[in-house]
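Q: Protein chains in written order, with our numbering: chain D, 1 to 341; chain W, 342 to 682. Would you mind keeping the following structure in view while I ask a few things?
Number of protein chains: 2
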Amino acid sequence: MSKRRVTITDIAEKLNISASTVSRALHNHPAIKKETKKAVQKLAKKLNYYPNQQALSLLHKKTNLIGIIIPEITSHFFSSIITGIQDIIVDTDYNVIISPTDESYENEVAIVENFIKIGIDGLLVSPSSSTKKIKHFKKIKKRGIPIVVFDRDCPGLKVDKVLVDDYDGALQAVEYLIKSGCKSIAHIGGPLNLSTSKHRLDGYLDALRKNNIPVKEEYIIHATGFLHEDGILPSRSLLNLKDRPDAIFAVNDCLAIAAMHEAKKLNFSIPNDISIIGFDDEPHSSYFTPALSTIWQPVYSIGMLSARILLSHLEGSENAPKIRREIFKSELIIRASSRNI
Amino acid sequence: MSKRRVTITDIAEKLNISASTVSRALHNHPAIKKETKKAVQKLAKKLNYYPNQQALSLLHKKTNLIGIIIPEITSHFFSSIITGIQDIIVDTDYNVIISPTDESYENEVAIVENFIKIGIDGLLVSPSSSTKKIKHFKKIKKRGIPIVVFDRDCPGLKVDKVLVDDYDGALQAVEYLIKSGCKSIAHIGGPLNLSTSKHRLDGYLDALRKNNIPVKEEYIIHATGFLHEDGILPSRSLLNLKDRPDAIFAVNDCLAIAAMHEAKKLNFSIPNDISIIGFDDEPHSSYFTPALSTIWQPVYSIGMLSARILLSHLEGSENAPKIRREIFKSELIIRASSRNI
DNA sequence: TTGTAGGCGTTATCAG
DNA sequence: CTGATAACGCCTACAA
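Structure (structure tokens):
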């Protein structure tokens with residue numbers, strides 16, 4: 001059909017006036033005759049006129065595009081953060097481009113290249129688990145594009161950050177297990193160069209130390225990913241130990257559920273034989289048998305705050321020099337997979 | 342830092358040549374001296390030159406933006422479709438803008454407006470459950486922007502479609518329940534103006550009729566949404582019926598899991614007292630106790646094919662007049678929440 | 001109150 | 001082999 005979009009010049013010609021008058025009329029410029037305004041606005045509506053954003057971008061050197069880099073979008077965790085971001089951005093003139101790295105550093109670099117190419121105005125990023133170098137992010141920063149890092153920290157990158165106190169979450173979980181009488185507590189961790197994995201491990205270790213429980217090497221196994229299938233082998237090794245643990249603290253809910261599944265297959269009773277606590281509070285988690293104890297994180301708020309901070313750089317005066325570092329607290333939710341205190 | 346982006350003219354000036362020569366050199370135009378090419382390309386790299394996409398869009402009347410409209414992104418179902426789409430699009434020059442409607446028609450209309458404003462080149466859409474009018478989609482179509490509808494049909498809109506044989510999936514599930522000896526089979530459905538809900542209901546009804554099982558009004562309850570919480574009340578009503586059903590076929594896994602949860606709370610044994618089958622095969626579903634029987638759908642393929650069809654319109658010759666309608670088959674996966682045959 | 005001209009960055013056409 | 005020019009759609013001084 002009508003392939004060619006209606007332009008300001010089309011309207012001008014039909015009305016026998018100049019394009020600039022049309023432009024001004026459309027913007028309600030005070031120095032335009034009322035009748036002219038009316039005529040222009042009427043015709044614009046009739047012809048279904050929309051201003052060409054590309055022309056405006058070119059003029060204003062601003063694309064109104066915000067890039068989001070995340071590890072993946074299929075987990076409830078990250079998709080909820082995105083929802084939080086979108087719910088803020090939807091009220092603005094910006095649009096977001098979401099690009100998942102699939103936990104690959106190479107993909108991440110390619111995404112950044114693409115973002116530079118299309119000219120994003122701002123970047124929200126949660127780095128991949130395999131990201132060790134940050135040259136690509138610095139390249140963005142050097143171009144004057146504001147960055148906000150969320151959930152997973154990116155050490156060495158001096159930008160705004162919205163994180164969660166993973167250390168404290170883990171500490172709470174493990175101290176609870178200790179108080180409930182567990183003596184030998186194991187940990188299924190995540191990829192170690194991830195700040196979140198590291199801090200949860202640290203919380204686990206400190207909880208043991210504080211309570212004078214010796215740390216046992218064989219009680220700590222790091223999964224290579226965060227999916228159910230990544231948790232099966234680690235769970236089996238732990239459950240088959242001669243000195244079997246009486247509790248498992250997993251770095252996220254999927255791994256915890258895998259552990260629960262394996263424990264049940266071996267006919268262990270949960271939480272009597274073994275307590276299990278996860279991390280993230282996925283929506284399914286309370287529907288398992290037994291319902292999974294876990295750490296809740298304010299995912300939606302993380303998304304919203306990250307977006308708000310980025311917008312403040314984009315919209316606000318350029319003179320906000322201080323780099324912000326916001327840390328959300330997480331919350332222990334005790335259900336049936338851990339013993340009562 | 343260096344706020345202003347490097348342009349072709351910057352390079353031209355430094356090299357004392359014209360912008361057009363720079364442009365040609367950058368594109369490896371045959372009619373350019375090797376030394377000039379080298380000099381230009383070297384300087385371009387040194388200065389970190391990137392072509393301005395907005396200028397190109399303006400010139401070519403093409404934004405290279407693809408819009409995606411989906412009900413929500415937090416379910417594994419839709420986020421997997423998106424992943425399928427992205428995995429195709431990532432190899433092209435296009436970028437996607439994902440906008441969730443949150444099942445609201447008003448949001449959907451607003452998103453379409455925004456898409457027209459920013460000038461998307463193509464649209465992938467799975468309509469909201471409250472969408473009855475399709476004027477907004479027709480507006481897109483009239484502008485010559487190709488549309489592919491996926492998963493949920495949009496009756497009346499004559500565009501390419503990538504759907505799933507929901508009817509057949511439901512038929513398979515219910516016929517299995519019948520063969521396994523269930524006599525009174527209930528259905529927890531979804532919002533009825535959704536093609537998927539309707540077709541699954543039809544499959545349920547036809548399975549009963551084919552097997553001469555009378556359809557009972559009180560065995561069919563429609564949930565208002567697709568989340569766990571939407572399934573609780575419907576499940577309770579069914580389970581509290583004097584003439585309690587011995588099987589429940591739910592329109593998706595979340596509702597099925599809610600039903601399982603409620604049944605367990607009432608101390609029914611699954612599948613002995615009551616069989617349960619869901620739809621979608623969410624990743625968690627096999628980890629529940631008992632593991633949930635369900636219908637698997639090729640979500641990832643739905644996303645990929647939809648993207649491919651859209652691209653064929655965008656890239657290919659404009660002369661592909663036939664409207665495609667692709668229907669994927671779904672597959673019954675029997676686990677432990679239903680009796681053996 | 002309105003029109004003209006120039007420019008945002010790039011490419012295609014035409015000319016040399 | 002290379003340069004000047006116009007055009008994509010819009011806005012804003014400046015001029016009238």
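Where a beta carbon is used, it is the ideal one built from N, C-alpha and C, also for glycine.
From which residue to which residue does the beta strand (DSSP E) around Thr21/D run?
A: In the first sequence, the residue the question calls residue 21/D occupies position 21. No beta strand (DSSP E) holds Thr21/D; the alpha helix (DSSP H) holding it covers Ala19 to Leu26.
Q: If you draw a straight line from the C-alpha of His370/W to the C-alpha of Ile452/W, how long is it?
A: By 1-based counting over the second sequence, the position of residue 370/W is 29. By 1-based counting over the second sequence, the position of residue 452/W is 111. Near 41 Å, if we compare the C-alpha coordinates of Ile452/W and His370/W.
Q: To the nearest whole angstrom, what separates the beta carbons of Ala427/D and Ile277/D, a pair I think is in contact under 8 Å?
A: The question about residue 427/D has no answer here: the residues shown for chain D are numbered 1 through 341.
Q: Find the residues of chain D that neighbour Gln427/W, judging by a C-beta separation of less than 7 Å, and give them in chain order.
A: Taking the first residue of the second sequence as 1, we reach residue 427/W at position 86. Residues of chain D passing the Cβ test: Pro100.
Q: Less than 8 Å between CB atoms is the rule here; does Met342/W satisfy it with respect to chain D?
A: Counted from its first residue, the second sequence places residue 342/W at position 1. Interpretation of Met342/W is limited by its pLDDT of 46, a score under 50 that renders its predicted location unreliable; the figure taken from the coordinates is listed afterwards. Yes, Met342/W lies at the interface with chain D (some Cβ there is under 8 Å from its Cβ).
Q: Between Asp166/D and Arg200/D, which are expected to be in contact by the criterion C-beta below 8 Å, what is the C-beta distance as a whole number of angstroms?
A: Here residue 166/D refers to the residue found at position 166 of the first sequence. Here residue 200/D refers to the residue found at position 200 of the first sequence. 5 Å between Cβ atoms; contact.
Q: Counting C-beta neighbours from all protein chains within 10 Å, is the total for Pro555/W 16 or more, i.e. buried, or is it exposed?
A: Taking the second sequence and counting its residues from 1, the one referred to as residue 555/W is at position 214. Answer is exposed; the Cβ neighbour count stays below 16.
Q: Relative to chain W, which residues along the stretch 110-123 of chain D have a C-beta separation below 8 Å, given in chain order?
A: Cβ contacts with chain W: Asn114, Ile116, Lys117, Ile118 and Gly119.
Q: Write down every uninterrupted run of the beta strand (DSSP E) in the stretch 566-634 of chain W whose length is 3 residues or greater and which is fully enclosed by it, in chain order.
A: The stretch 566-634 of chain W contains these whole beta strand (DSSP E) runs: 588-591 and 616-618.
Q: Residue range of the alpha helix (DSSP H) that His29/D falls in?
A: Position 29 of the first sequence, counted from the first residue, corresponds to residue 29/D. It is not in any alpha helix (DSSP H) - His29/D carries neither H nor E in the DSSP assignment.
Q: Taking 8 Å as the threshold (C-beta atoms), are Ala247/D and Ile188/D in contact?
A: Here residue 188/D refers to the residue found at position 188 when the first sequence is read from its first residue. Here residue 247/D refers to the residue found at position 247 when the first sequence is read from its first residue. Not in contact: Ile188/D and Ala247/D (Cβ atoms no closer than 8 Å).
Q: Quick one: grab the DSSP three-state call for Ala186/D.
A: Translated into the one-based positions of the first sequence, residue 186/D becomes position 186. Strand.
Q: Grab the span of the alpha helix (DSSP H) containing Asn448/W for me, first residue to last.
A: As a position in the second sequence, residue 448/W is number 107, starting the count at 1. First-last of the alpha helix (DSSP H) with Asn448/W: Tyr446 to Ile459.
Q: Are the C-beta of Ile310/W and some C-beta of chain D separated by less than 8 Å?
A: It is not possible to answer for residue 310/W, since the shown part of chain W is limited to 342 through 682.
Q: So, using beta-carbon positions, are Asp253/D and Asp230/D closer together than 8 Å?
A: In the first sequence, residue 253/D corresponds to position 253, counting from 1. In the first sequence, residue 230/D corresponds to position 230, counting from 1. Going by C-beta atoms, Asp253/D is not nearer than 8 Å to Asp230/D.
Q: Checking the sheet assignment: what are the DSSP bridge partners for Arg325/D?
A: Taking the first sequence and counting its residues from 1, the one referred to as residue 325/D is at position 325. The partner list for Arg325/D (beta bridge, DSSP) reads Lys161/D.
Q: Which complete beta strand (DSSP E) runs does the stretch 396-425 of chain W hold, if anything under 3 residues is left out?
A: Within the stretch 396-425 of chain W, the complete beta strand (DSSP E) runs of at least 3 residues are 406-411.
Q: Considering only their Cβ atoms, is the gap separating Ile97/D from Gly122/D smaller than 8 Å?
A: Here residue 122/D refers to the residue found at position 122 of the first sequence. Here residue 97/D refers to the residue found at position 97 of the first sequence. Not closer than 8 Å, so no.
Q: Which residue's Cα is closest to the Cα of Thr224/D: Ile333/D, Pro191/D and Val6/D?
A: Here residue 224/D corresponds to residue number 224 of the first sequence, with the count starting at 1. Answer by Cα proximity: Pro191/D.
Q: Between the C-alpha atoms of Gln54/D and Thr63/D, what's the straight-line distance to the nearest angstrom?
A: Mapped onto the first sequence, residue 54/D falls at position 54. Mapped onto the first sequence, residue 63/D falls at position 63. Approximately 8 Å between the Cα atoms of the pair.
Q: Looking at Arg335/D and Leu292/D, is the spacing between their C-beta atoms short of 8 Å?
A: One-based indexing of the first sequence puts residue 292/D at position 292. One-based indexing of the first sequence puts residue 335/D at position 335. For Leu292/D and Arg335/D, yes; Cβs fall inside 8 Å.
Q: For a cutoff of 8 Å on Cβ pairs, would you count Ile573/W as touching chain D?
A: Your numbering for residue 573/W matches position 232 in the second sequence. With 8 Å as the cut-off, Ile573/W does not count as an interface residue toward chain D.
Q: Can you give me the C-alpha to C-alpha distance between Ile342/D and Ala186/D, rounded to a whole angstrom?
A: Only positions 1 to 341 of chain D appear in the structure, and residue 342/D is not among them; the question remains open.
Q: Please report whether the beta-carbon of Leu239/D lies at a distance below 8 Å from any beta-carbon of chain W.
A: As a first step, residue 239/D must be located in the first sequence, where it is residue number 239. It does not; no Cβ of chain W falls within 8 Å.
Q: Counting contacts by CB-CB distance shorter than 8 Å, is Val22/D in contact with chain W?
A: To locate residue 22/D, count along the first sequence from 1; it is residue 22. Output row for Val22/D: interface = no.
Q: Between the Cα of Pro468/W and those of Asn448/W, Ala360/W and Leu549/W, spot the shortest distance and give me the residue it belongs to.
A: Here residue 468/W corresponds to residue number 127 of the second sequence, with the count starting at 1. Taking only the C-alpha atoms, the option nearest Pro468/W is Asn448/W.
Q: Does Tyr508/W come within less than 8 Å of chain D when only Cβ atoms are used?
A: Translated into positions along the second sequence, residue 508/W becomes position 167. For Tyr508/W, the answer is no, since every Cβ of chain D falls outside 8 Å of its Cβ.
Q: Alpha carbon to alpha carbon, how far is Val148/D from Ser195/D? Give it in angstroms, no decimals.
A: Counted from its first residue, the first sequence places residue 195/D at position 195. Counted from its first residue, the first sequence places residue 148/D at position 148. Cα-Cα distance, rounded: 16 Å.
Q: Determine the extent of the beta strand (DSSP E) in which Val215/D is found, giving its start and end residues.
A: For the purposes of this step, residue 215/D is taken as residue 215 along the first sequence, with counting starting at 1. Per DSSP, Val215/D belongs to no beta strand (DSSP E) and is neither H nor E.
Q: At which residues does the alpha helix (DSSP H) containing Asp509/W begin and terminate?
A: Your numbering for residue 509/W matches position 168 in the second sequence. That run of the alpha helix (DSSP H) goes Asp507 to Lys520.
Q: Excluding the 5 residues flanking Met1/D on each side, which residues of the same chain have their C-beta closer than 7 Å to its C-beta?
A: Numbered from its first residue, the first sequence carries residue 1/D at position 1. Caution applies to Met1/D, whose pLDDT of 46 falls short of 50 and renders its modelled position unreliable; the model cannot decide the point.
Q: Look at the Cβ atom of Leu512/W, then the Cβ atom of Ser616/W, and state whether they are nearer than 8 Å.
A: Taking the first residue of the second sequence as 1, we reach residue 512/W at position 171. Taking the first residue of the second sequence as 1, we reach residue 616/W at position 275. It is not a contact, given that the beta carbons lie outside the stated cut-off.
Q: Which residues in the same chain have their Cβ closer than 6 Å to the Cβ of Phe137/D, if we skip the five residues on either side of it in sequence?
A: Numbered from its first residue, the first sequence carries residue 137/D at position 137. Within the same chain, Phe137/D has close Cβ partners Leu157.
Q: Ala31/D: buried (16+ other C-beta within 10 angstroms of its C-beta) or exposed?
A: As a working note, residue 31/D is residue 31 in the first sequence. Answer is exposed; the Cβ neighbour count stays below 16.
Q: Can you name the start and end residues of the beta strand (DSSP E) that Gly303/D belongs to?
A: On the first sequence, position 303 is the one that residue 303/D refers to. Premise fails: Gly303/D lies in the alpha helix (DSSP H), Val299 to Glu315, not in any beta strand (DSSP E).
Q: Can the beta-carbon of Pro100/D be found less than 8 Å from the beta-carbon of Ile118/D?
A: Residue 100/D sits at position 100 when you count from the first residue of the first sequence. Residue 118/D sits at position 118 when you count from the first residue of the first sequence. The answer is no: Cβ separation not under 8 Å.
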